[in-house]
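Residue numbering for the sequence shown follows my numbering, starting at 24 and increasing by one per position.
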Amino acid sequence: MRIKTRFMLLGLLLIAMLGGGAGVGIFGVWLQNAKLGDVLGAQERALTMLRHAEAARTHFYMQRIELKDATLRGSDQELFKGHIAAMNANYEAAQKELAALRQIASEDDKPRLDNLIKQYAELNKRYNEALEHYEYYDALGSAILIDGMLRGQDAPIDKALTALRDTFEQRLIEQSAADSASASHRFNLTVVFFILSTIVAMIAYWVVFSWITRGLMRQLGGDPADAVAIARRIADGDLTTAVELQPGDRESLLAAIADMQEHLRDLIKHLRDSAGALSGQATALSASSVQIAAASEQQNEAASSMASSIEEMTASIGQVAEHSNEALTISRASGELSNRGDEVVQSAAAEMEQIAASAESMTQIIEALGAQSTQISRIVHVIQEIANQTNLLALNAAIEAARAGEQGRGFSVVAEEVRKLAERTTESTREISDMIKAIQDGTGQAVRHMESWSMRVADGMAKARGAGECMRDVKARANDVLAVVNEITHALQEQSAASNQIAQTVEQIARMSQENATAVGSVASSAKQLEEMARTLEGVVAKFRLNPA
């Protein structure tokens, strides 16, 4: 274990001792504080119970006083009612105090309190029943009567409340005495624990201090002044001093100094032998460095020439790669145009199919219109025949009216109107017939034009399908061209990357050749310096004394 670790351990032990003593004191204070809280809580509870018991007893006395005042001063009804109200108020207050006392009382005290509350309620009931016999006009007689009815009945409640108060008062006194004794006992225990912990800590500190001192002396191996004197002689170059060690000591500081002195002797001997050999080798290294420098210069020139050629080749490959990229861009644009052309042709074919369907539908509608116009023509012909017959009937009616003379004049007027109506109907049917004929002629021409249009649409659909097939072929060829251009571009990119890598490698070789030439020059200079350092080392090593004079 290191000295620093030992002293740190000693310091930690001292801190632990102080912390332990402080901990014992703090624990004692904490224990006293914790128990003090419990003690105060218990005393507060006992004091509260005593206060409730005393308050209930006081309200009971006040109730009795109000009862007596009511019986003695009952001639005044207002005073009588006031005393009765005060009596009942004191009863309610006393019962509230007893109820509050029961909530915080122990289970052993609750039956006693329940019995007291019950008896008190019965007594209050008897009070009110006795007051019912009170007569205002005979106050004295009523007071004597009520006093006789209630004499001695409040004594059990008075004794019970007094005993209850005395019980809780005695408990408070006993609780205070017990708490005081317990606090004194805990304080004595805390003092004893503190003294014992201090004694144990001092013993532990002395044991650890002795252990650290013995261990430190074992690590030093002797007096520190002896180790300092030996180290100074070694620093002055005297390696002949004998180091005295304890029997079996191999791990102490003095033992390490002795080993260091022995190793330094061996090292200095080896340095003396190596310094001479190093001087000769440095001379040979200097001559070889001159030859290597000349060869490195030639290699550097060849590498520079190769790098220039590879740079030109790389530039050519880069231009070809740029052209291939342009071709790739054009091929992609052609592919996109062919795709769009295919989509447009497909859309046109679909539109023409819809137009053909619409033309066929329109042809059917026009044919149906022609059929309906024919049917209308028939109906108009029937109407015209009816109008002709109506006209004949009107003429016959006019003739018959003329024969009738004055009596048939009115009928003649009607017949004339009917005849005119028949003529207008005939004229209208003639106009309708002319219009229907014109419509039939128009529908016929429309049907013929629609048939011609349908044939042209069919021809356009066939041509659109052919154009779609051609566009698909163009798209396929464009995709093939795009794939080929992609392969060419990829190959050129690989060649460009390879040529760049080769150029970088050649440049690196050229730099390495230049660095090699520079390094060889440095080696030659270093060889000369090494030769001088070898001579200096021989002079330094000669200063050490390895054997006693």
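Yeah, the Cβ is synthetic: ideal placement off N, Cα and C, and Gly gets one too.
Where residue i sits in the DSSP three-state scheme
i           : result
residue 365 : helix
residue 188 : helix
residue 568 : strand
residue 246 : coil
residue 261 : strand
residue 271 : coil
residue 202 : helix
residue 69  : helix
residue 437 : helix
residue 266 : coil
residue 130 : coil
residue 96  : coil
Beta-carbon proximity of residue i to residue j, cut-off 8 Å
i           : j           : result
residue 117 : residue 198 : no
residue 77  : residue 188 : yes
residue 142 : residue 113 : no
residue 396 : residue 459 : yes
residue 466 : residue 389 : yes
residue 231 : residue 33  : yes
residue 445 : residue 410 : yes
residue 423 : residue 433 : no
residue 165 : residue 81  : no
residue 149 : residue 176 : yes
residue 120 : residue 156 : no
residue 359 : residue 477 : no
residue 273 : residue 264 : no
residue 505 : residue 355 : yes
residue 393 : residue 463 : yes
residue 306 : residue 554 : yes
residue 228 : residue 36  : yes
residue 407 : residue 452 : yes
residue 303 : residue 519 : no
residue 278 : residue 268 : yes
For residue j and residue i, believed in contact at Cβ under 8 Å, the rounded distance
i           : j           : result
residue 276 : residue 314 : Going by Cβ atoms, the distance from residue 276 to residue 314 rounds to 54 Å, so no, they are not a contact pair.
residue 488 : residue 380 : Their Cβ separation, rounded to whole angstroms, is 16 Å, which puts residue 488 and residue 380 out of contact at 8 Å.
residue 280 : residue 250 : 6 Å
residue 124 : residue 72  : 6 Å
residue 90  : residue 96  : About 11 Å separates the two Cβ atoms, so there is no contact after all.
residue 224 : residue 46  : Incorrect: roughly 11 Å between the Cβ atoms, too far for contact.
residue 169 : residue 154 : 7 Å
residue 260 : residue 568 : 6 Å
residue 491 : residue 365 : 7 Å
residue 17  : residue 337 : The shown model of the chain, from 24 to 572, leaves out residue 17, and the question about it has no answer.
residue 630 : residue 100 : In the structure displayed, the chain extends from 24 to 572; residue 630 sits before or after that span and is not available.
residue 348 : residue 512 : 6 Å
Residue-level contact to chain D via CB, residue i, 8 Å cutoff
i           : result
residue 421 : This model lacks chain D altogether, as it is built from one protein chain only.
(request) Check whether the stretch 98-109 touches the stretch 179-187, counting contact only when three or more Cβ pairs, one atom from each stretch, lie closer than 8 Å. (result) no
(request) Taking 8 Å as the threshold, find out whether the stretch 466-477 comes into contact with the stretch 426-435 through three or more Cβ pairs. (result) no
(message) Across the stretch 438-454 and the stretch 404-418, are there enough close Cβ pairs to call them in contact, namely three or more that are closer than 8 Å?
(response) yes
(request) Enumerate, from N- to C-terminal direction, the unbroken alpha helix (DSSP H) stretches of 4 or more residues contained entirely within the stretch 154-189. (result) 162-173
(message) Runs of 4 residues minimum, wholly inside the stretch 452-507: which ones carry the alpha helix (DSSP H) assignment?
(response) none
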